[in-house]
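Throughout, my numbering is defined as the position within the sequence shown, counted from one, plus 2. Ideal placement from N, C-alpha and C gives every residue a C-beta, glycine not left out. As the structure is a prediction and not an experimental result, all values here were calculated from the model. Notes follow the structure.
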Amino acid sequence: MKTVCICASKKYKKEVGQFCSELEKLGVVVFEPNINEPIPEDAFFNSKHVTKTIFKGLTLEHFDWVRKADVCFIYNKDDYAGVSVSLEMGYACALGKPIYALSEKTGDPCRDSLIDKVVSTP
3 MKTVCICASK KYKKEVGQFC SELEKLGVVV FEPNINEPIP EDAFFNSKHV
53 TKTIFKGLTL EHFDWVRKAD VCFIYNKDDY AGVSVSLEMG YACALGKPIY
103 ALSEKTGDPC RDSLIDKVVS TP
């Protein structure tokens with residue numbers, strides 16, 4: 003059984019959900035990014051400590067999924083990958099995970115160099 007961790011910007015929430023559903027129909031176990039309820043970067047939850055804890059928890063949760071997955075897939079529609087995706091790609095690379103992507107471009111040549119294979123459909 004193959005497992006895939008999807009890394010994507012929250013601005014592609016709808017498309018990522020559809021992409022993950024297609025993979026699951028094919029029998030792939032998918033670790034989908036927790037972007038069901040996007041939290042703006044400037045959100046404030048009662049205190050700076052609580053705000054930092056929430057964002058750290060989301061980041062570490064996704065790192066755990068990258069670690070557990072066989073493959074890291076970058077959903078870089080329109081050749082875009084944000085800061086969080088950069089972190090996730092670096093972590094996947096450090097773990098020796100193959101990195102696949104929707105497109106060969108991410109908006110940064112250093113990130114682009116980490117992509118092992120382009121796969122445009124599930």
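query: How big is the Cα-Cα spacing for Tyr93 and Pro111?
result: 17 Å
Roughly how many angstroms separate the alpha carbons of Leu97 and Cys74, rounded to a whole number? 11 Å
So, with DSSP's three-state summary, where would you put Ser23? helix
Practice task
Compute the distance between the beta-carbons of Pro35 and Ala10, then report whether it is under 8 Å.
Solution key: yes
| query | Going by the beta-carbon positions, is the gap between Lys79 and Leu116 smaller than 8 Å? | reply | no
- request: Can you tell me which of Lys50, Val85, Met91 puts its alpha carbon nearest to the alpha carbon of Asp66?
  value: Met91
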